[in-house]
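Peer 1: One structure, as structure tokens, below. Some questions next.
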Amino acid sequence: MSPNTSPIVDAQNDLELTERIIAPDGTRVSNPQLDRWIDDIDYAAMRELHRDMVVLRRIDSEGVALQRQGQLGLWAPCNGQEAAQIGTGRALAPKDFVFPSYRETGVMYTRGAEPGDYVRMWRGEESAAYDPARLSIAPLQIIIGAQTLHAVGYGMGILHDGADDVAVTYFGDGATSQGDVNEAMIFASSYRAPVVFVCQNNHWAISEPVGLQSQYPLAGRAPGFGIPSLRVDGNDVLACMAAMRWALDYARSGKGPAYLEAVTYRMGPHTTADDPKRYRDDAELALWRDRDPIARLEAHLRAAGELSDEHLESVQKSADDVAREMRAACIGMQTRPALAVFERVYAEPHSGLERQRDDYTAYLASFEEA
Amino acid sequence: MSPNTSPIVDAQNDLELTERIIAPDGTRVSNPQLDRWIDDIDYAAMRELHRDMVVLRRIDSEGVALQRQGQLGLWAPCNGQEAAQIGTGRALAPKDFVFPSYRETGVMYTRGAEPGDYVRMWRGEESAAYDPARLSIAPLQIIIGAQTLHAVGYGMGILHDGADDVAVTYFGDGATSQGDVNEAMIFASSYRAPVVFVCQNNHWAISEPVGLQSQYPLAGRAPGFGIPSLRVDGNDVLACMAAMRWALDYARSGKGPAYLEAVTYRMGPHTTADDPKRYRDDAELALWRDRDPIARLEAHLRAAGELSDEHLESVQKSADDVAREMRAACIGMQTRPALAVFERVYAEPHSGLERQRDDYTAYLASFEEA
Amino acid sequence: MTQMTMGKALNAGLRQAMLDDEKVVLMGEDIGTLGGVFRITDGLKDEFGAKRVIDTPLAESGIVGTAVGLAFRGYRPVVEIQFDGFIYPAFDQIVSQVAKLHYRTQGRVKMPITIRVPWAGGIGAAEHHSESPEAYFVHTAGLRVIAVSDPQDAYRCLRQAIASDDPVLFFEPKRLYHHKGEVDLAGSLADAPPMGLARVVRPGADATIITYGAMVGTALDAAAAAEDEGLSLEVIDLRSLSPIDYETVTASVRRTGRVVVAHEASREAGVAAEVIASITEYCFEYLEAAPVRVTGHDIPYPPAKLEKFHLPDLDRILDAVDRVLDRPHSLSTADAKGDER
Amino acid sequence: MTQMTMGKALNAGLRQAMLDDEKVVLMGEDIGTLGGVFRITDGLKDEFGAKRVIDTPLAESGIVGTAVGLAFRGYRPVVEIQFDGFIYPAFDQIVSQVAKLHYRTQGRVKMPITIRVPWAGGIGAAEHHSESPEAYFVHTAGLRVIAVSDPQDAYRCLRQAIASDDPVLFFEPKRLYHHKGEVDLAGSLADAPPMGLARVVRPGADATIITYGAMVGTALDAAAAAEDEGLSLEVIDLRSLSPIDYETVTASVRRTGRVVVAHEASREAGVAAEVIASITEYCFEYLEAAPVRVTGHDIPYPPAKLEKFHLPDLDRILDAVDRVLDRPHSLSTADAKGDER
Ligand SMILES: Cc1ncc(C[n+]2csc(CCOP(=O)(O)OP(=O)(O)O)c2C)c(N)n1
Ligand SMILES: Cc1ncc(C[n+]2csc(CCOP(=O)(O)OP(=O)(O)O)c2C)c(N)n1
Ligand SMILES: [Mg+2]
Ligand SMILES: [Mg+2]
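Chains as they are written, first to last, in my numbering: chain A, 701 to 1070; chain B, 701 to 1070; chain C, 1486 to 1826; chain D, 1486 to 1826.
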């Protein structure tokens, strides 16, 4: 008669109840459940994951800078969440299709995003940031939770095709309260669709702590829907990769959906428009700075003597290169002309809209005549 | 990593995994969890519960008959679900407030519904069947699941008032798939609102078997939201009453929401407009006829020598009396006049609607003149 | 040509669309084994299997949201919303996703989703079973909206809606499901007129009645009754509510100069408002009287016993015709008051 | 009178409503500790406590649905929807429950719920943050719809909306949150004009511009510019979209005979269609030219860099004024084509 999960309400202890492979201090711990999923990850591979995370953080800080300089309307930082995004993103197969929210810059990166892809949407040039087919990612989703149902439908299509791709959806801790996310679990479970749900619990939904959405671990919801779940240390890139490989394998092999809760932390503001000082303690932030996902992997590699200063320099250089390209792409963007607003509303002609476009064209032309 | 609940997909075995006090053959079984909640229920009290169920079934069959005779537009039978409705309904305190779906005829009965209340809505006279304040029940709800959120909001109001009432909501197995029902659990859990969720799993949502909504017990969902739950034999009126008393006590004492899944069966069609022969086996129906909630309590009382034929006759007479009153109330109903359609759209004057009403009044008057 | 009910014509249309394109899948509550509460999908699960005729969990947002995902994967989902009043839980997915994804991705993603809605009142149903929500979708850019009124159109337009690369809200008047008519099952889609066109269902000279859905029949009855009084009324079935075929509409209005627009839906910011605003814009100098609306009142749909006082009927249409023809009518005495407003 | 921004006026209105009636509770995402993403509820949680200023889980249907339950219990919930585009998940609860419960229960249950919506575009925001959904609610019987355009009205109408026993959709133009004006904080509600009335914000003789929300400012700018050309334009701020105050509107139209209706929302079946259809009905014989709409296009709201090509501005309003005054305008050459339509 009593809840089968224990209350988790504070950001301080939240990480203790997660699966992990590398402890916050960088030491390796054995995890019978996860270890076997990453036995191919040697130090060289770890260095690549480290590089990914450093580059991602650099992309992110460049996004913040571009916004500050008026080049972007807004930016949603993901610093602190590098391990969750790189670890899960690097576990994907090329044909897997991702349905993200708006904060998955790292997942975009693992899918081969081009420099302009990171900023096109935030600059206000286009509503979608990139070509979904090119990256195998659906457009960024702003309506909280809506994308989770899209992933399930896509997964139903995979089933129908008899293919072995997986549909993956990312969403936040706040999103778990939306009806859509719950319906997504229900549909996925009912059809045993190959879907992996990745909840990045970064402890905050704008100003609302995760305890307002749930006083129990979010991963604890999935089993009640018939979906196996795992609560993983979201600042441990190896654990995230291992858990994601388990989940993808589960879904790919026809068993149905799987669910991950990556427990991590949003170190920055919600977006560049937000002021977290109004609602969260410095002490909490400090605590999580000590759990920085990049520092943790560095500590691990250093302790093993596997991280040289030259290497770090080369990593920093690739990061700076990407940031430079991103800035150049951003600043060089051409805004589409006025009449572009009428394009691609419909795939086939719509007489009402054509009339409006014609009228507006005549209206614009009247200025040129004058 | 694996689901913490076992698959339940067939109506045949579904009842085995429930809590009960009286077995389908009428024998009493001991249930340490439930027994203490009904230790005041002696044979006399059981006879009252039996009477309630018989009267309810009679109300229900009268509803079907009235519909067949063209007196009602539709009727949603609840036969088979008498124990679930009477058992839980009789556990309520007068000031508890109920948010039902459309099939809770038995709950209405336990709240003192008047004869016309059962039919007013189905006859098409009024959208709501009764005065909510008189019965402490919100109007019947047709939008599946919407009422569960209303119950939670009402519960938040109870909390705010510092009162010890409980808000109770009834919904079906199909309803559990709606976003609203899941959001209701989330809000209730977050605020620890005094709400009891009663899911009557009658195995069908029109033509869809419960296995389509969930391959796992519905009661298994609640704990993941931080809500304790109980899966109870919904054809065992004592078990339903005991479980409901536990749940009400839990909610009333400030611990937050509780959840019941009453496993029962819709023996009739979805509504009088439905033809269940198109989608369900006679064998399944036969199986559940053997588990009839009224027959079960009768068997129990008879075995104890506590049910005389005279008593049964008196019960049948009260049932027929209620049915007769219901029929009379139904047939005697006066349809409101045309202009009633404009009444009570708004609580305060609305100039646009007043203009329409005036125009329509003039329009109607033009016939009288002619 | 085959004589059949609108329900059967829709069933035939779905079947043909599934034969034509294997990417067409049907989704909805009770559409599989039961064949839908109106039997529109009757027999299709047996013929095409449960993978293409999908009984869904009871959640409309979930149905439309997963349809979006199927469209991402290249499918053409045809969704059945069980009754008009149950479309609102899916409103967010329809308005923010289905309607916008093509635009948002600059055409890279297509949303060829058809959302079928058994629609509107007049059948003595319980609450939420007689709604006319079409204006919400007409107001939503990115959607097409079709409302059919006879078996032939139902068959053809449904196939066209499914074949369209755009999302279509497809409204089926419930009270016409048993209405019979001739249907040409053999004709090819390529030869058929596009689904966006209106149709003059009865030519006339004195005034134009513009309507759609089940109200087309009511308008025709009104026109027949008026004929006895020597009036010649033109009746136009819009068929497509987005876009609206203003070529057909304005051609008629320019001839008659007098317009009644009728629908069951409530009045404020409804489709009739749109039609009248556009007619006024396009045909101002041809109008000989103010166009008049005959609509449901601005009230929640009333209980079954009162619906006849809400739904426009023959008499209300004729009263409006009298108004646009400046003949004696119910508001004659109220006209002075009208002026004071 | 105090000089303050519209944001502060709304904050003061909420505070006063909470002081006036202890049954008033505020609900929404981030409205407590943060004071709302626009700071409209700033300081209220500190003053009234977390029981009356309720941060809710992230689920709009849940917010409105629980507000309905609170209303059943006798409360007067004031809900904040964080941005216009996030109201759609709550659409079902608003349309099927909030709007209908009073009618459904024959007045036995009241729904004094105010739903505040930071609203519309022009702020360079990301997708779904610049929507103008008001027509959906105007079309929904049972709701009242208010759209404010200055700090004084914002303060007064918000208090009136909260005090009303009917549900009110309350639209607050985001781009005016920092707009300043004089506010009378002391006046009593009893003496104030009812919230359903329109207002002539600028009297004029040659044509009437009817609008609401942030577009009122644009219309005033247009009228000022037109004055330089010797034109006298009347500007009406509707303020209430359900009901619409046709007394004020028709009085003006009967004087000027020429009408432009402007709004940001898209055109088909929008509020302008409603206003023009009604004006045509009430003032047909007074109209000297076809009323003209100036609206957002029928497109999904475009990305920020393109929004200026979507939103009606001073020039588009003046172009429309030229049209209703039969002066040379952008469509002059297209008029013949217009005839062919
Ligand atoms: C339907 C909807 N409601 C509200 C919002 C406003 N909003 C944007 S982000 C956000 C918080 C999301 O929190 P979470 O899901 O935890 O994701 P995170 O931002 O932490 O990555 C809110 C409330 C929205 N975008 N969509
Ligand atoms: C939002 C919504 N969608 C669909 C329906 C149509 N409908 C009415 S009852 C029903 C099945 C409900 O099943 P369940 O929740 O199990 O309750 P039961 O009828 O078995 O008591 C459906 C699909 C509805 N009323 N509301
Ligand atoms: Mg978060
Ligand atoms: Mg059921």
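Using N, Cα and C, we set each Cβ at its ideal position, and we do this for glycine too. None of these values were measured; they are calculated from a predicted model.
1. Less than 8 Å between the CB atoms is what I'm expecting for MET1503(C) and PHE1533(C), so what's the real figure, rounded?
2. Strictly under 8 Å for the Cβ-Cβ distance: is VAL1806(D) near chain B by that measure?
3. Assuming HIS1748(C) is part of the beta strand (DSSP E), what are its boundary residues?
4. In or out: ILE708(B) buried (at least 16 other Cβ within 10 Å) or exposed?
5. Please report the straight-line C-alpha distance between ALA1494(C) and ALA1805(C), rounded to a whole angstrom.
6. Whose Cβ in chain D lies nearer than 7 Å to the Cβ of ARG1044(B)?
7. I want to verify the contact list: residues of chain B whose CB lies under 9 Å from the CB of HIS1782(C), in sequence order.
8. Cutting at 7 Å between CB atoms, please list the residues of its own chain near GLU1825(D), excluding the five before and the five after it.
9. Are the C-beta of GLU1753(C) and some C-beta of chain B separated by less than 8 Å?
10. I want to verify the contact list: residues of chain D whose CB lies under 7 Å from the CB of SER907(A), in sequence order.
11. Taking 7 Å as the limit between beta carbons, can you name the residues of its chain near THR1019(B), skipping five residues before and five after?
12. May I ask which residues mark the beginning and end of the alpha helix (DSSP H) holding ALA783(B)?
13. Among the residues of its own chain, which have a CB less than 7 Å from the CB of VAL1756(D), if the five just before and after it don't count?
14. For ligand 3, is there a heavy atom less than 7 Å away from the beta-carbon of TRP775(B)?
15. Report, in whole angstroms, the separation of the C-beta atoms of TYR854(B) and ALA846(B), which I expect to be a contact under 8 Å.
16. CB of GLY780(A) to nearest heavy atom of ligand 3: below 7 Å?
17. Taking its Cβ as the centre, do 16 or more other Cβ atoms sit within 10 Å of LEU1067(B), making it buried, or is it exposed?
18. Tell me whether GLU1514(C), by its Cβ, gets closer than 7 Å to a heavy atom of ligand 6.
19. Determine the extent of the alpha helix (DSSP H) in which ASP1800(C) is found, giving its start and end residues.
20. On the DSSP bridge list, what partners appear for SER1727(C)?
21. Hey, ARG747(A) and HIS1011(A): beta-carbon distance below 8 Å or not?
22. Apply the 10 Å Cβ neighbour rule to ARG790(B) and answer buried if 16 or more other Cβ atoms are within range, or exposed otherwise.
23. Residues in the same chain with beta-carbon distance under 7 Å from ARG1644(D), minus the five sequence neighbours each way, listed in chain order, please.
24. On the CB-based measure, 16 or more other CB atoms within 10 Å of its CB, does GLN712(B) come out buried or exposed?
25. Indicate whether HIS1614(C) and PHE1557(C) have their beta-carbon atoms separated by less than 8 Å.
26. Looking only at its own chain, which residues have a Cβ that is under 8 Å from the Cβ of PRO1797(D), when we skip the five neighbours before and after it?
27. Between SER1581(D) and chain A, is the shortest Cβ-Cβ distance under 8 Å, so that the two count as touching?
28. Using a Cβ cut-off of 7 Å, pull out every chain A residue sitting near ASN882(B), in sequence order please.
29. Does DSSP put ASN901(A) in a helix, in a strand, or in coil?
30. Any heavy atom of ligand 4 closer than 7 Å to the beta-carbon of ALA1747(C)?
31. By Cβ distance below 7 Å, which residues in the same chain neighbour LEU1064(A) in space, the five residues on each side in sequence not counted?
32. With 8 Å as the threshold, decide whether the Cβ of LEU1555(D) is near any Cβ in chain B.
33. Within this structure, are the beta carbons of VAL1809(C) and ARG1739(C) separated by less than 8 Å?
34. Between the alpha carbons of SER1649(C) and ARG1024(A), how many angstroms are there, rounded?
35. Suppose you measure from the CA of GLY763(A) to the CA of GLN1591(D); what does that come to, to the nearest Å?
36. What is the DSSP secondary structure of SER929(B), reduced to helix, strand or coil?
Peer 2: By the coordinates alone:
1. Yes, they are in contact, since the Cβ atoms of MET1503(C) and PHE1533(C) sit about 6 Å apart, within 8 Å.
2. Using a Cβ-Cβ cut-off of 8 Å, VAL1806(D) does not count as an interface residue toward chain B, since no Cβ of chain B sits closer than that to its own.
3. Counting along the chain, the beta strand (DSSP E) containing HIS1748(C) begins and ends at 1744-1751.
4. Low per-residue confidence applies at ILE708(B): pLDDT is 49, beneath 50, and the placement is therefore not dependable, though the value from the model is reported in the following sentence. Buried, because 16 or more other Cβ atoms sit within 10 Å of the Cβ of ILE708(B).
5. C-alpha separation (whole angstroms): 33 Å.
6. Correct list: HIS1587, TYR1588, GLN1591, GLY1592.
7. One finds VAL1041, PHE1042, VAL1045, LEU1053, GLN1056, ARG1057, TYR1060 in chain B with Cβ atoms closer than 9 Å to the Cβ of HIS1782(C), taken in chain order.
8. Unreliable placement is indicated for GLU1825(D), whose pLDDT of 41 sits below 50; the coordinate value is still reported in the next sentence. Cβ-Cβ distances below 7 Å link GLU1825(D) to nothing in the same chain once the five nearest sequence neighbours on each side are left out.
9. At least one chain B Cβ lies under 8 Å of GLU1753(C).
10. Going along chain D in sequence order, the residues near SER907(A) (Cβ under 7 Å) are ASP1515, THR1518, LEU1519.
11. Checking the displayed sequence, the identity of residue 1019(B) turns out to be Ala instead of Thr. Once the five neighbours on either side are set aside, the close Cβ partners of ALA1019(B) are VAL754, VAL755, ARG758.
12. It spans 782-789 - the alpha helix (DSSP H) in which ALA783(B) sits, taken as one unbroken run.
13. The residues GLU1619, ALA1620, VAL1623, LEU1726, HIS1748, ALA1750, in chain order, have a CB closer than 7 Å to that of VAL1756(D) in the same chain once the five nearest residues on each side in sequence are set aside.
14. In terms of side-chain proximity, the C-beta atom of TRP775(B) is found no nearer than 7 Å to any non-hydrogen atom of ligand 3.
15. About 13 Å separates the beta carbon of TYR854(B) from that of ALA846(B), a gap too long to meet the 8 Å contact definition.
16. Result no, Cβ not under 7 Å from ligand 3.
17. The question names Leu, yet the displayed sequence has Phe at residue 1067(B). With fewer than 16 Cβ atoms within 10 Å of its Cβ, PHE1067(B) is classed as exposed.
18. Among the ligands modelled here, namely ligand 1, ligand 2, ligand 3 and ligand 4, ligand 6 does not occur.
19. Element bounds for ASP1800(C): 1799-1809.
20. SER1727(C) is bridged to VAL1630(C).
21. Yes, the pair counts as a contact, with Cβ atoms nearer than the cut-off.
22. ARG790(B) should be labelled buried.
23. Here the set comprises GLY1498, GLN1501, ALA1502, LEU1674.
24. It counts as exposed.
25. Inclusion of HIS1614(C) and PHE1557(C) in the CB contact set at 8 Å is not warranted, their separation being larger than that value.
26. In chain order, MET1700, THR1703, ALA1747, HIS1748, GLU1749, VAL1779, THR1780, GLY1781 place their CB closer than 8 Å to the CB of PRO1797(D), counting only its own chain and leaving out the 5 sequence neighbours on each side.
27. No, no contact with chain A.
28. Under the 7 Å cutoff, chain A gives GLY879, ASN882.
29. Here ASN901(A) sits in strand by DSSP.
30. Ligand 4 has no heavy atom closer than 7 Å to the beta-carbon of ALA1747(C).
31. Contacts found: ALA1038.
32. Nearest CB-CB separation between LEU1555(D) and chain B: below the 8 Å threshold.
33. No.
34. The straight-line gap separating the alpha-carbon atoms of SER1649(C) and ARG1024(A) is approximately 44 Å.
35. Answer to the nearest angstrom: the Cα atoms are 56 Å apart.
36. In the structure shown, SER929(B) sits in a strand (DSSP, three-state: E or B).
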